[in-house]
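Working notes, structure below.
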Amino acid sequence: MSDTFKPAADDVQILQREECFSGFYRLDLLRLRHRLFNGDMGKPISREVFVRHDAVCVLPYDPIRDCVVLNEQFRIGPLGKTDNPWMIEMVAGLIDKDELPEAVAHREASEEAGLELSALWPVSVYFPSPGGSNEQVHLFVGRCDSDGAGGVFGLEEEGEDIRVHVWTFDQALQAVRDGVIANAASIIALQWLALNREEVRRTWT
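Now the structure itself:
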C-alpha cells in the first residue's frame, strides 16, 4: 500500500478547529486524523498551526555587473540565539488580498531597496516550515541595475530600518558558505542562481 498510496480529498478529516490567538499572525489548534500508508485511518491527533500571509522574496540581480542587492535589518527571531540578530537577506514582503506575487516583488523592491526590477525569474514556491506553519513563499530573482544602489530604506510606519548592500555574486555565495547569510530564502535563491547563472545572464544581457 505504501508504494501506491495517493492522497485524496477524504484522506484528512478535520474533527475540530479552534482559534487560540489572533494578532498580526494567528495560531489555530486542529484536531484531525489522516490516512496512514497502510491504508487505515490514523487515530485523532492535535496539531497547532501558525497561520500567516504568504510571502514573496526576490533576489535583485544585476546580470551586467554580476552583482546582487541584499538587505540588512533587525529580526526578532534570531534574538537570543545569535550574537547578531541583524540578518543579511533578500527583498521580501507579505501578500495582501487580491495581490499577485509579482506585484508584491516590484513594490517591495522599490520600498525596501529603492530598486526598479525590469524582469522577474520565478524560482520556486515552497513551504518554509510545513510542520507548523501554512505559509508559502514565492521566490524570484529580479533583474536590476545595481549602479548607485545602496543606502537606508524602509517604511517608518512599519518600523522598517533597512540597510542596502551591493555584493558581487561570488561575495554573496561565500557569505552562504561562511554562515553570514543564514536564512532559508536567501540561501535557496543564491544556490539556485549558482546553478543557473549562465542561463540567466545569457537571457538578460
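Numbering-wise (our numbering), the sequence shown opens with residue 13 and increments by one.
Cβ atoms here follow ideal geometry from the backbone N, Cα and C, with glycine treated the same way.
Neighbour flag for residue i against chain D, beta carbons, 8 Å
i: Ala187; result: This model lacks chain D altogether, as it is built from one protein chain only.
Under the three-state DSSP convention, the category residue i falls into
i: Asp95; result: coil
i: Gln148; result: coil
i: Pro113; result: helix
i: Ser122; result: helix
i: Ser198; result: helix
i: Leu167; result: coil
i: Asp74; result: strand
i: Met13; result: Unreliable placement is indicated for Met13, whose pLDDT of 46 sits below 50; no coordinate value is reported for it.
i: Asp22; result: helix
i: Leu27; result: strand
i: Leu44; result: strand
Residue(s) in a DSSP beta bridge with residue i
i: Ala104; result: Cys69
i: Thr180; result: Cys79
i: Ser34; result: Arg38
i: Ala131; result: Arg155
i: Val192; result: BP columns for Val192 are empty, so no partner.
i: Ser136; result: Leu151
i: Gln85; result: Met99
i: Val63; result: Arg38
i: Arg175; result: Glu84, Val164
i: Ser141; result: In DSSP, Ser141 forms no bridge with anything.
Contact belief for residue i with residue j at Cβ below 8 Å, rounded distance in angstroms
i: Pro154; j: Val212; result: Looking at the sequence provided, one finds Gly at residue 154 rather than Pro. Incorrect: roughly 11 Å between the Cβ atoms, too far for contact.
i: Arg64; j: Glu147; result: 5 Å
i: Leu205; j: Phe181; result: 7 Å
i: Asp66; j: His150; result: 7 Å
i: Leu44; j: Arg59; result: 7 Å
i: Phe289; j: Phe49; result: There is simply no residue 289 to check, as the chain begins at 13 and stops at 217 in what is shown.
i: Ala121; j: Leu129; result: 5 Å
i: Phe152; j: Ala125; result: Actually they do not touch by this definition, with Cβ atoms about 14 Å apart.
Cβ-heavy atom distance, residue i to the ligand SAM, below 7 Å
i: Cys79; result: In the structure on display, the ligand SAM does not appear, and there are no ligands present to speak of.
Do the segment 72-92 and the segment 154-164 make contact, defined as three or more Cβ pairs closer than 8 Å?
-> yes
Please confirm if the segment 46-59 is in contact with the segment 20-32, defined as three or more CB-CB distances below 8 Å between the two stretches.
-> yes
If we count Cβ pairs, one from each stretch, closer than 8 Å, do we get three or more for the segment 83-99 versus the segment 166-185?
-> yes
May I ask you to verify whether the segment 184-204 touches the segment 99-106, counting CB pairs closer than 8 Å and requiring at least 3?
-> They touch, by the three-pair rule.
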